[in-house]
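Visitor:
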Amino acid sequence: MDVLVIGGNRYFGKRLIALLRESGHRITVLNRGSSAAPEGIEQLVADRDDEAALESVLAGRSFDVVVDQVCYTPRQAEIARRVFGTRTGRYVMTSTVEVYEYEDSPVPVAEAALDLATVAVDTGLPWEDPEFLEAHYGEGKRQAEAVFAAGTPFAWTSVRVAHVLGGADDFTGRLDHYARRIRAGEPIAVPVVNHPATYVYVEEIAAFLAWAVEADFTGPVNAHSHGPLTTADICAEIERLVGGRTVFQEVEVGEVSPFSFTRSYGMDNSRAVSLGYAFGDSGAWLPKAVAETIGGAR
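Printed below as a string of structure tokens:
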């Protein structure tokens with residue numbers, strides 16, 4: 001198949017491109033050109049926020065599947081819906097567990113918990129402001145999904161990705177946040193009631209997205225490994241590797257550490273499993289993921 005990947009120049013996007021290529025697909029990447037595409041991969045350069053530029057660079061082109069790794073706002077989704085309306089038959093949007101950030105559920109959250117038909121879409125918000133976008137990451141993704149759910153000329157799915165761990169190229173710094181404090185025995189801020197969350201290994205989410213490219217299901221789907229993890233689970237593995245001591249400090253108000261959660265919105269992956277995907281267990285890959293990202297240096 002001819003597959004276009006929008007973004008995909010780092011972390012699990014790079015792994016996705018490699019897997020698709022290994023499977024024999026013809027891959028084209030579209031991004032702003034800040035980094036070169038892998039050798040042998042065609043690269044189209046355009047700002048995905050510039051509709052005219054997209055129309056120009058995609059003139060005369062069509063793709064069997066588009067994978068959108070960097071759709072963060074409803075404005076971007078509306079542009080994509082127009083630009084790719086006659087250029088693809090399937091659209092795979094990489095979304096996030098953070099679309100459920102308003103949930104506080106005693107049971108894992110299924111896709112239906114978020115009714116996209118009720119999500120208010122506001123393209124007039126300052127989505128172009130990086131600080132606003134970062135502060136409203138989950139809301140931007142939620143509204144982007146709602147744009148697609150309102151109707152598209154192509155079949156679409158949104159893959160709601162759990163918190164991703166693993167890889168030496170993890171750019172988030174979240175595990176390093178813990179490692180620095182554990183090495184020094186410094187307090188780690190956690191809420192008084194700290195909920196477990198759902199995670200996925202970096203290689204596994206790349207494989208899931210590659211599987212989604214070749215599948216034909218539509219609508220939202222949750223993607224995460226079996227078994228939730230707690231902050232204590234993650235810190236115990238880091239402590240085992242780097243030494244030091246884990247010291248949790250409960251806080252009633254204020255900022256908490258990256259993988260600490262005051263609300264319970266871990267996902268339910270039953271739909272993906274029923275569609276035929278076999279996830280691994282988070283406890284099985286956690287040691288490898290932590291070692292890849294922070295190493296064993298003391």
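In UniProt numbering, the protein residues as written are 1 to 298. Just so you know, even glycine gets a beta-carbon here, dropped at the ideal spot from N, CA and C. These figures come from a predicted structure and were not determined experimentally.
(1) Which partner residues does residue 95 have in the DSSP bridge list?
(2) Give me, in chain order, the residues of the same chain whose beta-carbon lies closer than 6 Å to that of residue 80; leave out the 5 immediate sequence neighbours on both sides.
(3) Under the three-state reduction of DSSP, which class applies to residue 103: helix, strand or coil?
(4) Within 10 Å of its beta-carbon, does residue 274 have 16 or more other beta-carbons around it, so buried, or fewer, so exposed?
(5) Is it true that the CB of residue 196 sits closer than 8 Å to the CB of residue 266?
(6) How about residue 161 and residue 94: are their beta carbons less than 8 Å apart?
(7) Going by other Cβ atoms of all chains shown within 10 Å of its Cβ, with 16 needed for buried, is residue 134 buried or exposed?
(8) From residue 142 to residue 216, what does the alpha carbon distance come to, in whole angstroms?
(9) Measuring CA to CA, which of 55, 226, 3 and 73 is closest to residue 140?
(10) Considering only residues of the same chain and omitting the five flanking positions on each side of residue 295, which have a CB-CB separation below 6 Å?
(11) Since residue 5 sits in a beta bridge, which residues does DSSP pair it with?
(12) Whole angstroms are fine: how far does the CA of residue 281 sit from the CA of residue 299?
(13) Run through DSSP, which three-state label would residue 132 get?
(14) What are the partner residues of residue 44, as DSSP defines its beta bridges?
(15) Starting from residue 250, follow the beta strand (DSSP E) in both directions and report where the run begins and ends.
(16) Express the C-alpha separation of residue 198 and residue 246 in angstroms, rounding to a whole number.
(17) Does the CB of residue 164 have a neighbour CB from chain C at under 8 Å?
(18) Between the region 224-242 and the region 113-122, do at least 3 Cβ pairs fall closer than 8 Å?
(19) When you compare only the Cα positions, how much space is there between residue 58 and residue 272?
(20) If you drop the 5 nearest sequence neighbours on each side, which residues of the same chain put their C-beta closer than 6 Å to that of residue 323?
(21) Counting beta carbon pairs with one atom in the region 89-103 and one in the region 149-168, are three or more of them shorter than 8 Å?
(22) Could you tell me which residues DSSP pairs with residue 199 in its beta bridges?
(23) Taking residue 211 as the reference, which of 276, 153, 128 and 286 has the closest Cα?
(24) Just the C-alpha distance for residue 6 and residue 51, rounded to the nearest angstrom, thanks.
(25) Do the region 174-192 and the region 244-261 meet, that is, are 3 or more Cβ pairs less than 8 Å apart?
(26) Roughly how many angstroms separate the alpha carbons of residue 145 and residue 68, rounded to a whole number?
(27) Would you mind giving the Cβ-Cβ distance between residue 43 and residue 36, rounded to the nearest angstrom? I have them listed as a contact below 8 Å.
(28) Do residue 11 and residue 268 count as a contact pair if the criterion is CB distance below 8 Å?
(29) In this structure, how does DSSP classify residue 90 when only helix, strand and coil are distinguished?
Guide: From the atom records:
(1) 160
(2) none
(3) coil
(4) exposed
(5) yes
(6) yes
(7) exposed
(8) 22 Å
(9) 73
(10) none
(11) Answer is 29 and 67.
(12) Any answer about residue 299 is impossible in this case: the structure gives the chain only from 1 up to 298.
(13) Residue 132 sits in a helix when the DSSP states are folded into three classes.
(14) 30
(15) 247-251
(16) The C-alpha of residue 246 lies about 21 Å from the C-alpha of residue 198.
(17) Reference to chain C is not applicable here, since this structure consists of a single protein chain.
(18) Taking a cut-off of 8 Å on C-beta distances, the region 224-242 does not touch the region 113-122, as fewer than three cross pairs fall below it.
(19) 32 Å
(20) Because the chain here runs from 1 to 298, residue 323 falls outside it and cannot be looked at.
(21) yes
(22) 163
(23) Answer by Cα proximity: 276.
(24) 14 Å
(25) yes
(26) 12 Å
(27) 7 Å
(28) Their beta carbons are not under 8 Å apart, which means residue 268 does not touch residue 11 by this criterion.
(29) strand
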